[in-house]
Amino acid sequence: MNFLKTRMHSDESPKQRRGFFIAPLLLLLIFTDAHASSATLKPVIQGQIIDTENRVVPYTSITFQQSAMAILSDEYGYFSCMIPLQSTDTMIIRRIGYKEQHLPLLEFSRSEPIILEPASISLDEVKVEANASPVRSLVLPLMHKHTKPASSTGSSHANIISRIPGLTLKSYGGPAGIATLGMDGGPSSQTLVYLNGISLTSPQNGETDLSQIPEPFIQSILYIPSDISQNTTGSSDGILKLESDPNGNQVSIAGGSYGHRSADLNLSTHLFGSLISVQVGKRKDSGNYLVQWQGEAFERENNGFEQEYAAISFLHLISQNLFWKLSALESRQSRGVAGLIWSPDTLSHRRDHLRLLGSKLGWTRPQGVTDLNISSRYSFENYENPFLNLDAEHELSSRRIAIQDRSRFTPAFKLITDLSLRNDRISSTDTGDRSRTTVSAALTPVIGHRSIRVSPALKHYYSPSLFNKTSGDIQVQINPGSQTFQQVALGYHEVFRYPSFNDLYWQPGGNPDLAPEKTRVGTAQLLTDLSVFGKLRFQWQSKVSRDLIQWIPSQAYWAPQNIKSTSRQSAKLSWSLEISSYDLSAYASLAFIKTNDAATNKPLRYAPKQTRALGLSWTPHPIEAEMNYRYLGERISMYDFPADNILPGTSTWFASLTYIHALDPGSVSLSLSVDNLSDVQYETIRGYPEPGRTFRMSIKYNWNQ
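Residue numbers for the sequence shown follow my numbering, beginning at 124 and rising by one.
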């Protein structure tokens with residue numbers, strides 16, 4: 124059996140198409156010299172809002188007095204604004220049931236929570252407490268949140284998710300390849316992904332294709348190891364929530380290696396008390412890149428990628444305690460299908476598009492919050508292979524309506540209820556016409572106060588003629604009261620996932636007799652604050668699955684099978700540090716993963732034994748510099764005899780340098796980024812090598828109204 128060899132390129136990287144961006148770059152440089160301003164900017168405003176009892180305060184209105192711009196925190200109290208603001212501006216924070224707060228940006232620190240004082244009691248003046256214990260949601264401890272730098276234009280999906288320990292991106296090579304996620308060596312189907320509250324996970328195969336989401340559209344990511352307050356199914360590896368940022372106005376263009384060209388425009392305005400934002404963009408990559416196979420170097424062809432997208436978001440604060448949010452995105456992709464490196468395909472082509480629509484109506488009150496969510500996901504895919512005379516089409520639609528209520532009855536008792544109805548339909552040349560309706564419910568009381576909180580959960584899933592399943596979870600949070608050891612969390616979760624449409628009905632290979640996956644997850648987490656040495660998180664998890672579904676070779680085609688028993692254990696360390704006085708921030712993560720298929724007594728396919736990440740950013744205005752390192756350990760790509768096929772461990776580096784020039788109004792950012800800095804050839808899926816060293820140059824102009 125042949126293997127791809129890891130090597131260092133000796134040839135120069137393919138020439139960049141510089142003409143695409145050099146002319147606009149020179150024009151903007153002339154413009155900035157004529158209109159330079161000495162204004163001091165705050166490039167990123169982000170943080171979390173809690174109350175004096177260390178409880179998350181969701182859906183809080185934040186208005187910036189000088190710019191008259193308004194944002195809303197999410198259900199976990201997190202907020203972010205990516206548009207650079209004058210440092211003389213002031214945040215006005217309003218939430219029913221709490222006293223209004225005015226906070227100058229000069230006094231704001233994104234590393235510490237903002238603490239609101241309940242309006243019903245008399246305490247000291249509301250303030251940001253530098254020594255306050257970091258707090259996470261009552262039922263979602265130790266979440267991982269990351270927001271892009273305001274000037275960022277060159278960060279790929281892989282670079283962003285590297286912040287999350289144990290989370291890996293699996294790609295079919297190059298910009299045209301489908302890209303999916305996996306956590307702790309598990310199937311992609313066990314990590315749920317949301318974009319602006321809309322599920323991206325496809326009922327067709329249970330996975331999320333991140334290549335359909337434009338890179339400029341994602342501004343922040345939030346990873347939740349387990350959310351027992353929601354009635355989601357199949358989330359044994361947690362939930363990843365992606366968010367866009369609809370604030371401000373910006374235009375960016377970029378060009379780089381392998382024929383990359385892209386442009387993005389975002390316009391927003393406040394009209395009749397509403398924030399309306401429209402974003403459009405286009406990307407094109409010729410995509411062909413140099414690879415080596417069996418000692419020969421050649422160009423990997425048919426890897427072109429074209430993407431067009433448009434999005435709109437709407438936020439209206441109907442009253443002090445009532446708001447409405449709307450988010451929509453449509454992306455259209457046209458791409459080549461390069462095939463395996465030992466079986467190249469220069470003829471196949473794929474067209475696909477994705478349409479998302481989500482609406483949330485939220486009602487806040489002193490005792491809690493209720494929100495009504497309505498969302499839909501539509502996708503279409505056409506795959507053509509003239510050589511094999513294939514012309515396959517898949518049309519998929521999902522609609523969901525859900526209501527969640529979080530009410531506090533006493534200081535020591537809170538109740539979370541979650542009810543949803545979902546309908547999935549597929550019309551496919553390979554599965555036929557299928558549909559499925561699912562009703563889900565969850566009831567989660569939260570009992571306790573500052574030092575300890577216990578959250579048992581009861582969940583029920585029902586689909587006519589398919590399944591009727593009840594499961595239970597429990598989570599315990601302990602706050603020791605120590606400045607160093609700030610929080611301990613223990614949890615036990617039962618996760619249920621019914622097979623996807625492809626698992627059951629794909630021809631050839633689908634198996635209508637597949638059993639649903641059942642997973643038991645045990646979790647222990649610890650958060651420590653090492654003062655000037657940063658913050659350290661530790662997480663241990665054990666996941667034992669019965670009837671795990673995996674596709675494996677069977678005669679002339681692949682077919683899904685239930686693996687009777689599998690186990691996964693992971694131990695993860697993550698560290699973060701911010702030194703504001705030196706404009707420095709750093710992070711590091713290390714994950715050790717052990718998996719086992721009881722039938723073969725071997726690790727699961729594509730399960731790494733270890734992942735590592737390290738990052739450093741330095742932002743002395745007007746310069747922003749970033750460098751990070753990613754390591755993905757060796758994995759078994761295919762079981763074989765006498766030896767299994769192994770993908771070797773791979774280290775990759777990313778670096779970027781940005782210059783930000785203040786204007787009146789706004790600012791212009793000039794960036795150079797380099798991915799795969801050491802120019803290694805590697806694979807995340809066997810037979811699909813990734814591109815070598817990749818350069819990208821970009822220019823972005825931000826301005827407020």
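Note that beta-carbon positions come from the ideal geometry of N, C-alpha and C, so glycine has one too.
For residue i, is the classification buried or exposed, using 16 other Cβ atoms within 10 angstroms of its Cβ as the cut-off for buried?
i	result
G604	exposed
L511	exposed
P509	exposed
P812	buried
A157	Confidence at A157 is low in this model, with a pLDDT of 37, below 50, so its placement is unreliable and no value can be given for it.
W722	Checking the displayed sequence, the identity of residue 722 turns out to be Ala instead of Trp. Flag for A722 reads exposed.
V655	exposed
G555	exposed
W629	buried
E230	exposed
L513	exposed
A766	exposed
Please name the residue or residues paired with residue i in a DSSP beta bridge.
i	result
Y432	G404, S454
A564	L542, H583
L477	S454, S502
F201	Here residue 201 turns out to be Tyr, not Phe, going by the sequence shown. DSSP, once it has assigned bridges, lists Q171 as partnering Y201.
R691	K666, T718
N768	M761
D798	F777, T817
R523	S498, R545
H225	I215
G555	S551
T734	A714, L755
G485	F446, D494
Measure the alpha-carbon distance for residue i versus residue j and round it to whole angstroms.
i	j	result
Y432	G410	19 Å
S349	Y317	14 Å
S704	E366	29 Å
Y182	S482	15 Å
L649	E223	33 Å
S623	V611	36 Å
V403	H784	24 Å
H616	L786	52 Å
S311	N634	19 Å
N282	A242	43 Å
N370	L388	12 Å
K695	Q171	24 Å
R669	L195	42 Å
Y782	L700	23 Å
L228	P745	18 Å
S774	L755	7 Å
G815	V797	10 Å
G847	V791	Given a span of 124 to 828 for the chain in the structure shown, any question on residue 847 remains unanswerable.
R545	E419	51 Å
H572	L538	14 Å
G320	Q430	23 Å
R130	S697	Residue confidence is low: R130 scores 32 on pLDDT, short of 50, so the model does not pin down where it sits. Its coordinate-derived value is still stated next. Their backbone Cα atoms lie some 30 Å apart in a straight line.
N602	A451	40 Å
Where does residue i fall in DSSP's three states?
i	result
P509	helix
L148	The predicted position of L148 is uncertain, since its pLDDT is 44 and thus under 50; a value taken from the coordinates is nonetheless stated next. In the structure shown, L148 sits in a helix (DSSP, three-state: H, G or I).
G382	helix
H280	helix
P339	helix
S442	strand
N426	coil
D332	coil
F656	helix
N829	Because residue 829 is not part of the residues shown, which for the chain are 124 to 828, the question remains open.
Q209	strand
Q313	helix
Y295	coil
Y412	strand
D596	strand
N372	strand
### Query
For the region 706–716 against the region 738–746, are there 3 or more C-beta pairs whose distance is under 8 Å?
They touch, by the three-pair rule.
### Query
Counting pairs of Cβ atoms below 8 Å between the region 386–401 and the region 426–444, do you hit three or more?
Yes, since at least three Cβ pairs between the region 386–401 and the region 426–444 fall closer than 8 Å, the two stretches touch.
### Query
Looking at C-beta atoms only, is the number of pairs between the region 315–331 and the region 354–368 that lie closer than 8 Å three or more?
The region 315–331 vs the region 354–368: in contact.
### Task
Pair every Cβ in the region 294–305 with every Cβ in the region 586–593, then say whether three or more of these pairs are closer than 8 Å.
Contact between the region 294–305 and the region 586–593 is absent: fewer than three C-beta pairs spanning the two stretches fall below 8 Å.
### Task
Please determine if the region 298–310 and the region 331–340 are in contact, where contact requires at least 3 C-beta pairs separated by less than 8 Å.
Taking one beta carbon from each stretch, the region 298–310 and the region 331–340 have 3 or more pairs nearer than 8 Å; the two touch.
### Message
For the structure I just gave you, are there three or more beta carbon pairs, one from the region 465–474 and one from the region 442–453, closer than 8 Å?
### Response
The region 465–474 vs the region 442–453: no contact.
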